[in-house]
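Peer 1: One structure, pasted below without further comment.
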Amino acid sequence: MQTKKSAKWAIIMIMVMLVSLVAGCSNKPTSTNTPDVIKLGFLGAKTGSVANYGLPAEKGMKMAIEELNAKGGILGKNLVGIYEDNKGESADIANIATKYITVDKVVAMVGDPCTGLTKVAAEIAQKNQVVIFSGGATGTGVVEIGDYVFRNTLLDSMAVPSVVDWMINTKGWKKIAIITSLNNGYSTALTPVFKDAIQKKGGTIALEDSINDKDTDFTAQVTKLKNAQADVLVFTGYYQEAALIMNEAKKQNLNISMIGGDGLYGQDLAKLGGTAVEEKVIFYCGFSTDKPTPETAKFIDAYKAKFGENPDMFSAQYYDAVMILAKAMTDAKSADPKLFRAELAKLKDYPGVSGSTTFGANREPIKSPVCLLTVKNGAFSLVDKISVK
Amino acid sequence: MDAFITQQIDAYYLRIIIIIGINIILALGLNLTTGVTGQLSMGHAGFMSLGAYTAAILSLHTTLPFVVVLIAGAMAAALFGIIIGIPSLRLEGDYLAIVTIGFAEIVRVFFLNFELGGKAVGLAGIPQQTTFSIVFLIMMVVIFLNITLLNSHTGKALYSIRENEIAAQACGVNTTQLKILCFAMGAFLGGLGGGLYASYMYYISPGEFGFMKSIEILNMVVLGGMGSIPGTILGVIILTIAPEFLRVVADYRLLFYGAMLVILMIFRPNGLMGDIRWYDIKKRLPKKEVKKCQS
Numbered sequence: 564m565q566t567k568k569s570a571k572w573a574i575i576m577i578m579v580m581l582v583s584l585v586a587g588c589s590n591k592p593t594s595t596n597t598p599d600v601i602k603l604g605f606l607g608a609k610t611g612s613v614a615n616y617g618l619p620a621e622k623g624m625k626m627a628i629e630e631l632n633a634k635g636g637i638l639g640k641n642l643v644g645i646y647e648d649n650k651g652e653s654a655d656i657a658n659i660a661t662k663y664i665t666v667d668k669v670v671a672m673v674g675d676p677c678t679g680l681t682k683v684a685a686e687i688a689q690k691n692q693v694v695i696f697s698g699g700a701t702g703t704g705v706v707e708i709g710d711y712v713f714r715n716t717l718l719d720s721m722a723v724p725s726v727v728d729w730m731i732n733t734k735g736w737k738k739i740a741i742i743t744s745l746n747n748g749y750s751t752a753l754t755p756v757f758k759d760a761i762q763k764k765g766g767t768i769a770l771e772d773s774i775n776d777k778d779t780d781f782t783a784q785v786t787k788l789k790n791a792q793a794d795v796l797v798f799t800g801y802y803q804e805a806a807l808i809m810n811e812a813k814k815q816n817l818n819i820s821m822i823g824g825d826g827l828y829g830q831d832l833a834k835l836g837g838t839a840v841e842e843k844v845i846f847y848c849g850f851s852t853d854k855p856t857p858e859t860a861k862f863i864d865a866y867k868a869k870f871g872e873n874p875d876m877f878s879a880q881y882y883d884a885v886m887i888l889a890k891a892m893t894d895a896k897s898a899d900p901k902l903f904r905a906e907l908a909k910l911k912d913y914p915g916v917s918g919s920t921t922f923g924a925n926r927e928p929i930k931s932p933v934c935l936l937t938v939k940n941g942a943f944s945l946v947d948k949i950s951v952k
Numbered sequence: 437m438d439a440f441i442t443q444q445i446d447a448y449y450l451r452i453i454i455i456i457g458i459n460i461i462l463a464l465g466l467n468l469t470t471g472v473t474g475q476l477s478m479g480h481a482g483f484m485s486l487g488a489y490t491a492a493i494l495s496l497h498t499t500l501p502f503v504v505v506l507i508a509g510a511m512a513a514a515l516f517g518i519i520i521g522i523p524s525l526r527l528e529g530d531y532l533a534i535v536t537i538g539f540a541e542i543v544r545v546f547f548l549n550f551e552l553g554g555k556a557v558g559l560a561g562i563p564q565q566t567t568f569s570i571v572f573l574i575m576m577v578v579i580f581l582n583i584t585l586l587n588s589h590t591g592k593a594l595y596s597i598r599e600n601e602i603a604a605q606a607c608g609v610n611t612t613q614l615k616i617l618c619f620a621m622g623a624f625l626g627g628l629g630g631g632l633y634a635s636y637m638y639y640i641s642p643g644e645f646g647f648m649k650s651i652e653i654l655n656m657v658v659l660g661g662m663g664s665i666p667g668t669i670l671g672v673i674i675l676t677i678a679p680e681f682l683r684v685v686a687d688y689r690l691l692f693y694g695a696m697l698v699i700l701m702i703f704r705p706n707g708l709m710g711d712i713r714w715y716d717i718k719k720r721l722p723k724k725e726v727k728k729c730q731s
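Chains as they are written, first to last, in the working numbering: chain A, 564 to 952; chain B, 437 to 731.
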């Protein structure tokens, strides 16, 4: 008798929960669905393994929308951002992108930081003729999806040749070792770009090795690296493994610099690596808080005042993406994606907080300059700014 | 038919409905292995990824019709289902679960290093051929075949293996053959669902078919009720819709999701419909009265 009663209660409780959720869900869209606002959808992860890219990105986007609204919005309408968490999973981003387009009726989506996820959302955006503007997808095959797909980020294929040129001609590092993280999509895509550039610029590849993300013991790789007598190590993975590799190199008394992409741009690099990464790990990215331009300095101060921390590349690129969308809508005098995307494609030398942006003929962004960063006294500091040819 | 439906139903809801359909196919596969026959399999995502990758690669590199591609994916998964079914003859319970987890990991790592599958980057640009009508049709066929199977002699034999394997053997049930069969059928449906998923999502990567995906599908089966077809369908619907509705509570949605699972399992340990089955509904009532007399 007792179990029967509690079972009944459980069913009632669950019913109430579900009904209240359904009710809450159906009420929400109608309350915000006023025609005199322009809606933008945020794509990015707020939980999960890639949340460290999505969280600052969200802050950058929120700040841009607040600033625009403080100035009176676009075309006399206020901007509204909608922020859903896609957990870094492709099934979720597909659901969210569809929801943004059909339920919330956004005119544009900003995101995602990851290339693979951006492709999923871009396919949906293209089909429904809504603009998608990624602030972080660096890999290949994104804008090829269609003419509603844009991105504002430093492309690996543009940055890497300049970086390799800097390595070989400025630093004189000709014998290069490469380590790839096999279970990391970003890393497996970046390695061929580096190899291609090294061959073209006349360097030699002394060693090719691989690790896996979440590995902790790199003794074997570092020993091999020591025997290969390379001038420099290129590591294409993320910052956790980079810090651990450098720790191991220090333990084995190997004095070598590490070059990498913006995957190394994580605040924990200095914490995990300690003195082993100081002025040893150098990576390229499109944004630096050092030696800022006036626009960037203004952005950094405002961001610090609002969130109490330094902005990173993703917050800057999302901020710029919203600002560029706003500019395109103002120029086109319309918030209709079919009309303002033409203005967007014409963008030239836009002075954003993450450097200047021009869209080429194929809608690929050309951003300059490339910042080379390293760790100094536990904080990121600028090594060099090189321009992209 | 699809054109009509896209006009009538909002794309967001249609998307959830299609995902529910695909999940029902996946979960009914696992229900055959784990729910009906009682062979705990925690590697269903492995079968799913085999089907997904086979279908994706075939549709990217050949011009075969979609149905052929789907069946090829399902057959590839079924083949591995048989291979995994063989050790299940010697193992049961936790030990079998470990073997299946290991299998799913092997498949995942294989695709991480598989050149044709795009390695860790994944495969993008898979032609989107999965439509509502295809998913609906396949789902109905799968449900119908499942009901027919479970009501047949073979289906009852499968249940008997779960209840008591030795007794089943003593009654003349060929447990060896049936256990391999249930693994093959479960894997076939897993591969079929994977193929539909790949073609619907446009992009797949090895990371999606990790351990958590297996657990997610297992959750659906356990929540709905092991071995019950209506239960499994209900479990799929609840667990697919809940995360979407829970978007209202934004940051706390995973907390609510977990709490819902805990509450359900405390009050309905056999799953929502696990102990409600048509074939024994009549026998259950007198049994309970007998128990009362004894106490």
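Glycine residues also receive a C-beta, built at the ideal position from the N, C-alpha and C atoms. Source: prediction; values computed, not measured.
Give, in chain order, every residue of the region 750 to 774 of chain A whose Cβ lies closer than 9 Å to some Cβ of chain B.
Peer 2: S750, T751, A752
Peer 1: Considering only the alpha carbon of each residue, which of A:V756, A:A839, A:A805 lies closest to D776 of chain A?
Peer 2: As a first step, residue 776 of chain A is located in the first sequence; it is residue number 213 there, counting from the start. Nearest of A:V756, A:A839, A:A805 to D776 of chain A, Cα basis: A:A805.
Peer 1: Which residues in chain B have a C-beta closer than 9 Å to the C-beta of N641 of chain A? List them in chain order.
Peer 2: Walking along the first sequence from the start, residue 641 of chain A turns up at place 78. Near N641 of chain A there are no residues of chain B at all, since even the closest Cβ is about 21 Å away, more than 9 Å.
Peer 1: Measure from the C-beta of K854 of chain A to each C-beta in chain B and report whether the shortest distance is under 7 Å.
Peer 2: Within the first sequence, the letter at position 291 stands for residue 854 of chain A. Cβ-Cβ to chain B under 7 Å: no for K854 of chain A.
Peer 1: Let me know the secondary structure DSSP gives Y693 of chain B once reduced to three states.
Peer 2: If you number the second sequence from 1, residue 693 of chain B lands on position 257. Three-state DSSP puts Y693 of chain B in a helix.
Peer 1: Any idea if P900 of chain A is buried or exposed, counting beta-carbon neighbours within 10 angstroms, 16 or more meaning buried?
Peer 2: Translated into the one-based positions of the first sequence, residue 900 of chain A becomes position 337. P900 of chain A counts as buried, since at least 16 other C-beta atoms from the protein chains shown sit within 10 angstroms of its C-beta.
Peer 1: Which of the three DSSP states, helix, strand or coil, is assigned to C607 of chain B?
Peer 2: Walking along the second sequence from the start, residue 607 of chain B turns up at place 171. C607 of chain B falls in the coil class under three-state DSSP.
Peer 1: Would V577 of chain B be called buried (16 or more neighbouring beta carbons within 10 Å of its own) or exposed?
Peer 2: Residue numbering aside, residue 577 of chain B sits at position 141 when the second sequence is read from its first letter. It is exposed - the Cβ of V577 of chain B has fewer than 16 other Cβ atoms within 10 Å.
Peer 1: What is the DSSP secondary structure of M709 of chain B, counted as helix, strand or coil?
Peer 2: For the purposes of this step, residue 709 of chain B is taken as residue 273 along the second sequence, with counting starting at 1. Looking at M709 of chain B - three-state DSSP - the assignment turns out to be coil, as it is neither helix nor strand.
Peer 1: Could you run through the region 616 to 650 of chain B and flag, in chain order, every residue whose CB is less than 7 Å away from some CB of chain A?
Peer 2: Taking 7 Å as the Cβ-Cβ cut-off against chain A, the residues of the region 616 to 650 of chain B that qualify are M637, Y638, Y639, S641, E644.
Peer 1: Using three-state DSSP, classify I819 of chain A as helix, strand or coil.
Peer 2: Counting from one through the first sequence, the residue named residue 819 of chain A turns up at place 256. I819 of chain A falls in the coil class under three-state DSSP.
Peer 1: With 16 other CB atoms within 10 Å as the buried threshold, where does Q444 of chain B fall?
Peer 2: Counted from its first residue, the second sequence places residue 444 of chain B at position 8. Under this definition Q444 of chain B is an exposed residue.
Peer 1: Following the continuous alpha helix (DSSP H) through S653 of chain A, name the residue where it begins and the one where it ends.
Peer 2: Indexing the first sequence from 1 puts residue 653 of chain A at position 90. Residues 653 to 662.
Peer 1: To the nearest angstrom, how far is it from the Cα of A614 of chain A to the Cα of Y801 of chain A?
Peer 2: By 1-based counting over the first sequence, the position of residue 614 of chain A is 51. By 1-based counting over the first sequence, the position of residue 801 of chain A is 238. The C-alpha of A614 of chain A lies about 14 Å from the C-alpha of Y801 of chain A.
Peer 1: Does the distance from the C-beta atom of A620 of chain B to that of A514 of chain B stay below 7 Å?
Peer 2: Start at 1 with the first residue of the second sequence, and residue 620 of chain B comes out as number 184. Start at 1 with the first residue of the second sequence, and residue 514 of chain B comes out as number 78. Yes, these two residues count as a Cβ contact at 7 Å.
Peer 1: Can you tell me whether G627 of chain B is buried or exposed? The criterion is at least 16 other CB atoms within 10 Å of its CB, across all chains shown.
Peer 2: By one-based count along the second sequence, residue 627 of chain B stands at place 191. Around the beta carbon of G627 of chain B, 16 or more other beta carbons lie within 10 angstroms, which makes this residue buried.
Peer 1: With DSSP as the reference, identify every bridge partner of I645 of chain A, one or two as the case may be.
Peer 2: Here residue 645 of chain A refers to the residue found at position 82 when the first sequence is read from its first residue. Beta-bridge pairing links I645 of chain A to A:G604.
Peer 1: To the nearest angstrom, report how far apart P501 of chain B and L718 of chain A are at their CA atoms.
Peer 2: As a first step, residue 501 of chain B is located in the second sequence; it is residue number 65 there, counting from the start. As a first step, residue 718 of chain A is located in the first sequence; it is residue number 155 there, counting from the start. Approximately 37 Å between the Cα atoms of the pair.
Peer 1: Since K609 of chain A contacts L618 of chain A with CB under 8 Å, what's their CB separation in whole angstroms?
Peer 2: Counting from one through the first sequence, the residue named residue 609 of chain A turns up at place 46. Counting from one through the first sequence, the residue named residue 618 of chain A turns up at place 55. That belief holds up - the Cβ atoms of K609 of chain A and L618 of chain A are roughly 6 Å apart, short of 8 Å.
Peer 1: Does V683 of chain A get closer than 7 Å to chain B when you measure Cβ to Cβ?
Peer 2: Indexing the first sequence from 1 puts residue 683 of chain A at position 120. Output row for V683 of chain A: interface = yes.
Peer 1: List the residues of chain B whose Cβ lies closer than 7 Å to the Cβ of T661 of chain A, in chain order.
Peer 2: Position 98 of the first sequence holds residue 661 of chain A. What T661 of chain A touches in chain B: A447, Y448, R451.
Peer 1: Let me know the alpha helix (DSSP H) ranges lying completely inside the region 760 to 787 of chain A, each 4 residues or longer, listed in chain order.
Peer 2: none
Peer 1: Tell me which same chain residues have a C-beta within less than 7 Å of the C-beta of K787 of chain A, skipping the five on either side of it?
Peer 2: Indexing the first sequence from 1 puts residue 787 of chain A at position 224. Counting only Cβ-Cβ distances below 7 Å, and skipping sequence neighbours, we find L770, D772.
Peer 1: Does the beta carbon of V557 of chain B sit closer than 7 Å to a beta carbon anywhere in chain A?
Peer 2: Counting from 1 along the second sequence, the entry for residue 557 of chain B is found at position 121. At least one chain A Cβ lies under 7 Å of V557 of chain B.
Peer 1: State the Cα-Cα distance for the pair N732 of chain A and D759 of chain A, rounded to the nearest angstrom.
Peer 2: Within the first sequence, the letter at position 169 stands for residue 732 of chain A. Within the first sequence, the letter at position 196 stands for residue 759 of chain A. Cα to Cα, the separation comes out at about 17 Å.
Peer 1: Could you check what DSSP says for V705 of chain A in three-state terms: helix, strand or coil?
Peer 2: As a working note, residue 705 of chain A is residue 142 in the first sequence. In the structure shown, V705 of chain A sits in coil (DSSP, three-state: anything other than H, G, I, E or B).
Peer 1: For T782 of chain A, which residues in the same chain have their Cβ closer than 7 Å to its Cβ, ignoring the five residues on either side in sequence?
Peer 2: Looking up residue 782 of chain A in the first sequence gives position 219. Taken in chain order, the residues that qualify are E811.
Peer 1: Distance check for N873 of chain A and T856 of chain A, CA to CA, integer angstroms please.
Peer 2: Here the question's residue 856 of chain A lines up with position 293 in the first sequence. Here the question's residue 873 of chain A lines up with position 310 in the first sequence. Distance between the alpha carbons of T856 of chain A and N873 of chain A is about 16 Å.
Peer 1: To the nearest angstrom, report how far apart A793 of chain A and I640 of chain B are at their CA atoms.
Peer 2: Locating residue 793 of chain A in the first sequence gives position 230, counting from the first residue. Locating residue 640 of chain B in the second sequence gives position 204, counting from the first residue. Looking at the backbone, the Cα of A793 of chain A and that of I640 of chain B are separated by about 37 Å.
Peer 1: Please list the partners that L690 of chain B has in chain A, where partner means a Cβ-to-Cβ separation under 8 Å.
Peer 2: Taking the second sequence and counting its residues from 1, the one referred to as residue 690 of chain B is at position 254. Correct list: T610.
Peer 1: Who are the Cβ neighbours of G941 of chain A in its own chain at under 6 Å, not counting the five residues just before and after it?
Peer 2: Working through the first sequence from its first residue, we reach residue 941 of chain A at position 378. Excluding positions up to five away in sequence, the list reads A833.
Peer 1: Relative to chain A, which residues along the region 536 to 563 of chain B have a C-beta separation below 7 Å, given in chain order?
Peer 2: L548, N549, K555, A556, V557, G558, A560
Peer 1: Distance, Cα to Cα, Q815 of chain A vs G923 of chain A?
Peer 2: To locate residue 815 of chain A, count along the first sequence from 1; it is residue 252. To locate residue 923 of chain A, count along the first sequence from 1; it is residue 360. One C-alpha to the other measures close to 47 Å.
Peer 1: Using DSSP with H/G/I as helix, E/B as strand and the rest coil, what is A439 of chain B?
Peer 2: Along the second sequence, read from residue 1 onward, the residue named residue 439 of chain B stands at position 3. The answer is helix: DSSP assigns A439 of chain B an H, G or I state.
Peer 1: Which residue from B:L675, B:I597, B:A623 puts its Cα closest to that of A540 of chain B?
Peer 2: Here residue 540 of chain B corresponds to residue number 104 of the second sequence, with the count starting at 1. Of the candidates B:L675, B:I597, B:A623, the one whose C-alpha sits nearest the C-alpha of A540 of chain B is B:A623.
Peer 1: What does the alpha-carbon distance come out to for the pair A884 of chain A and M809 of chain A?
Peer 2: Here residue 884 of chain A refers to the residue found at position 321 of the first sequence. Here residue 809 of chain A refers to the residue found at position 246 of the first sequence. Between the alpha carbons of A884 of chain A and M809 of chain A lies a gap of roughly 35 Å.
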